[in-house]
Amino acid sequence: MSAAVFKQPLSPDFGAHLGPDPGLLAHLRARVQTLEHPGGRTPQAGAQAPAAPIKTVSVGAASIDAALPWNGLPAQGLHEIFGDAAAVGFCASLLVRLLAQRQAPILWCRPARDAYGELYGQGLAAAGLDPERLILVHGRDDTEILWAMEEGLRSGALAAVVGSPRKIPPIAGRRLQLAAEESGTAGILLRPEDGQPSGRQTATGAALSRWRVLSAPSQPARGNSGQIIAMGPPQWRLELQRCRFAMARGQNLKEAGKPRAWLVEWCNETGNFPLVAALRDGSAATAADADAEPQADRGANAA
Amino acid sequence: MATVTAVHGGQRIAAANDAARSQGISPGMALADARALYPSLGVRQMAPEDDLETLKRLSRAAMRYTPWVSIDPLGDKASNGFGSLGGDAGLWLDVSGCAHLFGGEAALLADLTGRFENHGFHARAAMAPMPGAAWALARFGEIGASIVAPGDVREALAPLPVAALRIAGRAAEALQRVGLRRIDDLLQMPRGPLARRFGREVLERLDQALGKTDEPISPRRIIPLIHARRVFAEPIGRNEDIEAATNGLLNHIAGELETTGQGVRRMDLTLYRVDNSTQQVRIGTARPVRDAAHIARLFRDKMEDFDAGFGVEVIALAATETASLAQHQGEFPDNSTSNLSFMDAGESAARLIDRLAGRLGPTSVTRLHARASHLPERASRAIPVFKEKDSSTAPDALDSPDLWRGAPRRGPRPIRLLAQPTAIDVMAPVPDGPPVMFRWRRRQYKVTNADGPERIAPEWWRRSGRLPPGATTLEHGTRDYYRIEDESGKRYWLYREGLYRPDRPPRWYLHGFFA
Chain A
4 MSAAVFKQPL SPDFGAHLGP DPGLLAHLRA RVQTLEHPGG RTPQAGAQAP AAPIKTVSVG
64 AASIDAALPW NGLPAQGLHE IFGDAAAVGF CASLLVRLLA QRQAPILWCR PARDAYGELY
124 GQGLAAAGLD PERLILVHGR DDTEILWAME EGLRSGALAA VVGSPRKIPP IAGRRLQLAA
184 EESGTAGILL RPEDGQPSGR QTATGAALSR WRVLSAPSQP ARGNSGQIIA MGPPQWRLEL
244 QRCRFAMARG QNLKEAGKPR AWLVEWCNET GNFPLVAALR DGSAATAADA DAEPQADRGA
304 NAA
Chain B
406 MATVTAVHGG QRIAAANDAA RSQGISPGMA LADARALYPS LGVRQMAPED DLETLKRLSR
466 AAMRYTPWVS IDPLGDKASN GFGSLGGDAG LWLDVSGCAH LFGGEAALLA DLTGRFENHG
526 FHARAAMAPM PGAAWALARF GEIGASIVAP GDVREALAPL PVAALRIAGR AAEALQRVGL
586 RRIDDLLQMP RGPLARRFGR EVLERLDQAL GKTDEPISPR RIIPLIHARR VFAEPIGRNE
646 DIEAATNGLL NHIAGELETT GQGVRRMDLT LYRVDNSTQQ VRIGTARPVR DAAHIARLFR
706 DKMEDFDAGF GVEVIALAAT ETASLAQHQG EFPDNSTSNL SFMDAGESAA RLIDRLAGRL
766 GPTSVTRLHA RASHLPERAS RAIPVFKEKD SSTAPDALDS PDLWRGAPRR GPRPIRLLAQ
826 PTAIDVMAPV PDGPPVMFRW RRRQYKVTNA DGPERIAPEW WRRSGRLPPG ATTLEHGTRD
886 YYRIEDESGK RYWLYREGLY RPDRPPRWYL HGFFA
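Protein chains in written order, with this note's numbering: chain A, 4 to 306; chain B, 406 to 920.
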């Protein structure tokens with residue numbers, strides 16, 4: 004027989020425990036982080052010096068890399084790229100740099116029918132990507148594409164896995180991110196929106212970063228007297244819409260979580276962006292939905 | 406009931422069932438005569454294709470006894486002269502060395518006829534040392550199932566009619582006319598005059614039946630190099646059990662492969678269900694494999710929705726395509742080469758490809774293959790990943806990065822290409838200049854920037870065959886490609902087909918998208 008008896012009178016500030024205790028919350032957050040990342044690669048650790056250095060790949064320009072919490076994009080993880088035809092080019096330029104780091108094939112999973120045509124070997128080669136490296140998989144539906152992507156990411160035998168599913172269920176996105184992280188392979192969700200009239204697909208919250216890449220009017224090459232002599236290199240508008248571990252750098256929390264945009268010029272030969280102009284505010288529309296994003300992210304990370 | 410076919414302008418009986426035969430109706434008879442004998446005779450048109458299909462199904466079912474099964478190519482040609490496969494058609498089974506697996510020759514034969522009987526086929530079977538004798542005894546023997554030992558063939562055949570020797574047409578008629586009705590009669594005759602008078606066929610058939618000459622039978626399926634099978638005492642139905650049994654066979658085959666230094670490229674798993682239906686599961690691998698666990702995994706992917714029905718009695722596993730494995734182990738990927746393709750990319754990548762192709766289908770997993778061609782759509786092609794770069798593509802065998810890069814002065818190429826160029830409406834101020842506006846998919850695009858043209862002439866040495874008469878390839882197939890940028894900065898690859906002619910508006914096509 005047992006009974007608990009309070010002998011001590013209630014302290015006057017007892018009720019304060021029911022409110023949020025900043026110390027306790029911080030402790031719990033840290034515990035969640037260690038549970039999520041047993042390897043010690045916690046964002047907190049990354050703030051000072053990463054315990055295990057994360058392998059990164061350059062986005063193509065030092066100034067953009069510097070704006071990312073990892074100083075480049077992690078080569079082990081899932082990234083999501085929206086946009087029009089330029090997104091395919093941006094993805095190809097990332098693949099070129101991933102291939103330079105690791106001599107392995109690339110798995111590219113596509114829907115069986117694409118109104119915008121097939122990947123063209125000669126065009127990829129012109130972008131610096133060796134077509135012999137590609138394994139193309141055609142999935143009849145999203146299930147097959149997601150399955151092939153996960154198999155590819157789990158195998159650990161690839162330099163990168165690219166996939167274009169139409170819809171991504173939240174669990175599937177999580178599985179892909181986990182598979183990418185465990186095998187140390189880069190996963191890219193390439194989601195061209197040029198077929199969609201609304202231009203917006205549902206994004207997965209699991210990806211480490213989310214980009215939106217759109218074509219922008221290019222500057223034609225001009226002769227000495229200002230006459231147009233040739234078409235200039237293509238220009239893209241890169242927009243970092245979301246960055247999952249933006250909180251890695253405490254001081255950058257506000258800044259890095261905010262979508263940032265750059266206007267870049269794509270140089271086919273090097274795959275880098277020799278000309279970069281940071282767009283301070285971006286367009287009104289993107290700024291608006293960007294404000295909502297970090298809130299949701301913070302909630303997801305805390306939960 | 407009988408089936409009929411049109412012969413020489415008249416309807417004749419092709420095959421008749423037992424009930425019809427008992428009324429005196431026999432194959433070869435005119436339909437009118439048969440109707441006279443039995444007015445309410447049920448008649449169907451002969452369907453040789455369906456007959457063949459049924460025979461194929463039966464032959465697959467018969468493979469449970471021996472891998473060496475063949476459809477009797479003669480059918481009942483000998484009996485009615487139509488060469489149809491219906492009615493009296495047959496199967497050859499070479500059961501040498503198989504009988505003991507089924508409890509002896511008699512037990513095998515009883516099991517065989519019983520099985521066919523259960524499925525509504527009236528079957529007669531005979532076992533003899535040579536195919537000819539077995540054929541004769543199965544059709545003309547006294548009892549439904551008989552076994553003849555090597556020494557007794559002559560005696561067993563002697564009382565049978567001459568037709569049992571598979572002799573047809575003129576020779577059969579001639580024998581009939583002189584009163585040689587039984588095989589015994591032929592055996593009494595001297596060989597020389599027999600051959601002179603009735604043709605060589607008679608002697609040949611006689612020798613085949615008596616085993617004096619060999620008669621080769623080609624099996625329906627090529628005998629696999631290595632195979633293993635397992636017969637269950639009781640039918641099994643759970644997929645886990647089937648998987649376990651498959652793995653057992655796989656281990657056995659892996660052992661055999663190891664001793665011969667081979668790896669498997671293609672493998673067939675055949676499951677024989679109780680109801681005589683079979684299911685075949687086939688897997689292929691990108692490179693020779695000997696690892697039982699990997700192959701088992703490929704089979705598991707394919708067997709996910711397998712339905713065992715009433716149960717599986719026999720499973721057979723066959724390595725239908727193998728290749729030397731040692732030769733692949735010697736190659737180490739050289740990191741210095743730039744054109745290292747995924748084919749040398751290591752074991753785990755090859756296994757990944759196997760799994761992808763196993764689940765999505767071998768044609769869904771492709772790689773890009775460069776060809777020496779000026780036509781953009783011919784220059785790069787997606788080919789199934791399992792397909793080797795074989796000698797048939799000899800003119801394109803100069804596989805090198807240059808084929809991807811193209812000539813140094815070649816124009817730009819898009820990152821995505823439409824398989825079929827789509828026709829578009831275009832507004833061009835100058836007939837041979839770039840457009841200022843084009844419509845595609847009910848949307849208008851204003852051109853702000855254009856580059857070109859790059860002229861690509863058709864490959865006259867390849868006949869396209871689609872040209873209207875009188876037109877030259879130069880006039881029709883020539884394309885002037887432009888790189889176009891619209892207001893938003895998107896870039897397209899358009900071309901104008903044919904050379905400019907004042908009497909005909911130029912046709913424009915959209916062919917690709919730049920990044």
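Where a beta carbon is used, it is the ideal one built from N, C-alpha and C, also for glycine.
Quick one: residues in its chain with C-beta nearer than 6 Å to the C-beta of residue i, no 5 flanking neighbours on either side, listed in chain order?
i               : result
L149 of chain A : P168 and A175
L517 of chain B : A530
N652 of chain B : A701
M468 of chain B : V474
G882 of chain B : P863
A452 of chain B : none
In this structure, does DSSP put residue i in helix, strand or coil?
i                : result
D646 of chain B  : helix
E1001 of chain B : No statement about residue 1001 of chain B is possible, as the shown extent of chain B runs from 406 to 920 and does not include it.
A787 of chain B  : strand
G190 of chain A  : strand
L514 of chain B  : helix
M152 of chain A  : helix
P555 of chain B  : helix
D145 of chain A  : helix
A95 of chain A   : helix
V567 of chain B  : helix
E859 of chain B  : strand
H30 of chain A   : helix
I572 of chain B  : coil
E902 of chain B  : strand
A528 of chain B  : coil
P693 of chain B  : strand
Q238 of chain A  : strand
A494 of chain B  : coil
For residue i, list the residues DSSP reports as bridge partners.
i               : result
V686 of chain B : B:L674
C112 of chain A : A:V140 and A:G166
C246 of chain A : A:S212
V279 of chain A : A:V267
R705 of chain B : According to DSSP, which records beta bridges pairwise, R705 of chain B is partnered with nothing at all.
D891 of chain B : B:V852
E782 of chain B : According to DSSP, which records beta bridges pairwise, E782 of chain B is partnered with nothing at all.
E121 of chain A : B:L822
F918 of chain B : B:R821 and B:Y897
Using C-beta distances below 8 Å, list every residue in its chain close to residue i, excluding the 5 sequence neighbours before and after it, in chain order.
i               : result
L608 of chain B : R596, L599 and A600
L447 of chain B : At residue 447 of chain B the sequence reads Gly, which differs from the Leu that was named. Contacts found: M406 and A407.
Which same chain residues end up closer than 7 Å to residue i when comparing Cβ atoms and leaving out the 5 residues on each side of it in sequence?
i               : result
E859 of chain B : G816 and Y886
W511 of chain B : It should be pointed out that residue 511 of chain B corresponds to Ala in this sequence rather than to Trp. If we look at A511 of chain B and ignore the five residues flanking it on each side, its Cβ neighbours are I552.
P555 of chain B : P534
F791 of chain B : G689, A691, A762 and P767
E892 of chain B : K851 and T853
G508 of chain B : none
D612 of chain B : T618
Output, in sequence order along the chain, the residues in the stretch 121–142 of chain A whose CB is closer than 8 Å to any CB in chain B.
E121, L122, Y123, G124, Q125, G126, L127, A128, A129, A130, D133, P134, E135, R136, L137, I138, L139, V140, H141 and G142
At a Cβ cut of 7 Å, what residues of the stretch 87–106 of chain A count as close to chain B, listed as they run along the chain?
D87, A88, A89, V91, G92, A95 and Q106
Entirely enclosed beta strand (DSSP E) segments - the stretch 584–667 of chain B, minimum 3 residues
631–641
Which residues, taken in chain order from the stretch 217–251 of chain A, show a beta carbon closer than 9 Å to some beta carbon of chain B?
L217, S218, A219, P220, S221, P223, I231, A233, M234, G235, P237, Q238, W239 and R240
Threshold first: 3 residues or longer. Then list the beta strand (DSSP E) segments lying entirely within the stretch 444–469 of chain B, N to C.
448–450
Where are the beta strand (DSSP E) runs, 3 residues long or more, that stay fully inside the stretch 801–856 of chain B, in chain order?
Counting only runs that start and end inside the stretch 801–856 of chain B, the beta strand (DSSP E) elements of at least 3 residues fall at 821–832 and 842–845.
May I ask you to list, following chain order, the residues of the stretch 699–715 of chain B that have a beta carbon less than 9 Å from some beta carbon of chain A?
Correct list: empty, as no residue qualifies.
Identify every run of the alpha helix (DSSP H) within the stretch 64–89 of chain A, keeping only runs that are complete inside it and at least 4 residues long; order them along the chain.
65–69
Residues, ordered as in the chain, of the stretch 148–162 of chain A that lie near chain B by beta-carbon distance below 8 Å
Taking 8 Å as the Cβ-Cβ cut-off against chain B, the residues of the stretch 148–162 of chain A that qualify are W150, A151, E154, G155, S158, G159, A160 and L161.
Taking beta-carbon pairs under 7 Å, can you tell me which members of the stretch 515–547 of chain B lie near chain A?
none
Listed in chain order, which residues of the stretch 831–855 of chain B have Cβ atoms closer than 9 Å to some Cβ of chain A?
For chain A, the residues of the stretch 831–855 of chain B that bring a beta carbon within less than 9 Å of one of its beta carbons are R846, T853, N854 and A855, in chain order.
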